[in-house]
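Asker: If you want my numbering, it's the position in the sequence shown, counting the first as 1, plus 46.
Below: one structure in structure tokens.
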Amino acid sequence: MKAMIFAAGLGTRLRPLTNDRPKALVEISGKTMLERVIGRLAQAGFDDITINIHHFGQKIIDYLDQHHNFGLNIHISDECDLLLDTGGGILKARQFLDGNEPFLVHNADILTDIDLLSIYQSHVTSGAMATVLVKERKTSRYFVFDDNYRLQGWINKSTGETRPPHFIHAKGMHELAFGGIHVISPSIFQELERYSQGQPKFSITPFYVDQCHNHLIKGYVQHTPYTWLDVGKPETLKQAQEIVQQKMSSL
């Protein structure tokens, strides 16, 4: 099975740790974020992994070489010349991800013990173009879903901005925060090409919300408890270290 790890970010919120390394190589209790995500993917059966690189990208290549790619088939999608954001990053990696099976996308800075295979299988059975991990969590920006967890729109609570622009937030809809993991069907590539209009850099989020009435974009909610943390700031890095020490076997 195929997966992609977003490891190209600048990691500005984790400075000075990221002044000499990519965020994906910052360690949580002695093990890099990248190794933790690779290990979780491998455990779930993903053996063909694409990793995008930008900030200190060569250090990721060297790190993977030192670890013999952790015994997996790993591809590098090189964004060192231009950081392409999430949508552009997926589109650039098309040569590695296209085919006849969905692929899972996982941010390198997400620490979680959620069942990745269950998300993947849910996507396969739904027939959706994309399935996004979401949960009830306090943030400023939310995906908005109907009762069937079909994406209807997006709202920024801080600014009042909505997408699509005509989106009406009907009573009873579910506001859920994106969890940095999604499963995508290869049929998306043709739509991403059209959406990008030749621009290499763009985000996947506005694509999802602008296209959700033309294509099925589903939310995946796991109702049983699980660990999830965005390890993007010094305070959450410290929290991650505490969590790993408590749950060493599952993370």
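From the three backbone atoms N, C-alpha and C, an ideal C-beta is built for every residue, glycine too.
Report yes or no: do the segment 148–155 and the segment 76–89 share at least 3 C-beta pairs separated by less than 8 Å?
Answerer: Touching, yes, given that three or more Cβ pairs across the two stretches are closer than 8 Å.
Asker: Select from Lys247, Lys284, Pro280, Lys279 the residue whose C-alpha is nearest the C-alpha of Ser133.
Answerer: Position 87 of the sequence shown, counted from the start, is the residue given in the question as residue 133. The question names Ser, but residue 133 in the sequence shown is Gly. That would be Lys247, whose Cα lies nearest to the Cα of Gly133.
Asker: Counting Cβ pairs, one atom from each stretch, are 3 or more of them under 8 Å apart for the segment 60–77 and the segment 274–287?
Answerer: Yes: at least three Cβ pairs fall under 8 Å.
Asker: How far does the alpha helix (DSSP H) with Ser164 in it extend, from its first residue to its last?
Answerer: For the purposes of this step, residue 164 is identified with residue 118 of the sequence shown, where counting begins at 1. Residues 162–172.
Asker: Considering only the alpha carbon of each residue, which of Ala54, Gln89, Phe191 lies closest to Leu222?
Answerer: Position 176 of the sequence shown, counting from 1, holds the residue named residue 222. With distances taken between Cα atoms, Leu222 lies closest to Phe191.
Asker: Among all the DSSP beta bridges, which residues are the ones paired with His220?
Answerer: What you label residue 220 is simply residue 174 of the sequence shown in a count that begins at 1. Bridge partners of His220: Phe191.
Asker: Quick one: Cα of Asn65 to Cα of Ile227, how far?
Answerer: Here residue 65 refers to the residue found at position 19 when the sequence shown is read from its first residue. Here residue 227 refers to the residue found at position 181 when the sequence shown is read from its first residue. Near 26 Å, if we compare the C-alpha coordinates of Ile227 and Asn65.
Asker: Taking the C-alpha atoms as reference points, what is the distance between Asp108 and Thr205?
Answerer: Residue numbering aside, residue 108 sits at position 62 when the sequence shown is read from its first letter. Residue numbering aside, residue 205 sits at position 159 when the sequence shown is read from its first letter. Cα-Cα distance, rounded: 42 Å.
Asker: DSSP state of Asp124, grouped into three classes?
Answerer: In the sequence shown, residue 124 corresponds to position 78, counting from 1. Note: Asp124 maps to strand in three-state DSSP.
Asker: CB-CB under 8 Å to Thr208, same chain, minus the five flanking residues each way: which ones, in chain order?
Answerer: Translated into positions along the sequence shown, residue 208 becomes position 162. Gly199, Trp200, Ile201, Asn202, His215, listed in sequence order.
Asker: Taking 6 Å as the limit between beta carbons, can you name the residues of its chain near Asp193, skipping five residues before and five after?
Answerer: Here residue 193 is taken as the residue at index 147 of the sequence shown, counted from 1. None.
Asker: Let me know if His212 comes out buried or exposed under the rule of 16 or more other beta-carbons within 10 Å of its beta-carbon.
Answerer: Walking along the sequence shown from the start, residue 212 turns up at place 166. When all chains shown are included, His212 counts as exposed.
Asker: Which whole-angstrom value describes the C-beta separation of Val229 and Pro148, a residue pair presumed to lie in contact below a C-beta threshold of 8 Å?
Answerer: Locating residue 229 in the sequence shown gives position 183, where the first residue counts as 1. Locating residue 148 in the sequence shown gives position 102, where the first residue counts as 1. About 5 Å separates the two Cβ atoms, so the contact holds.
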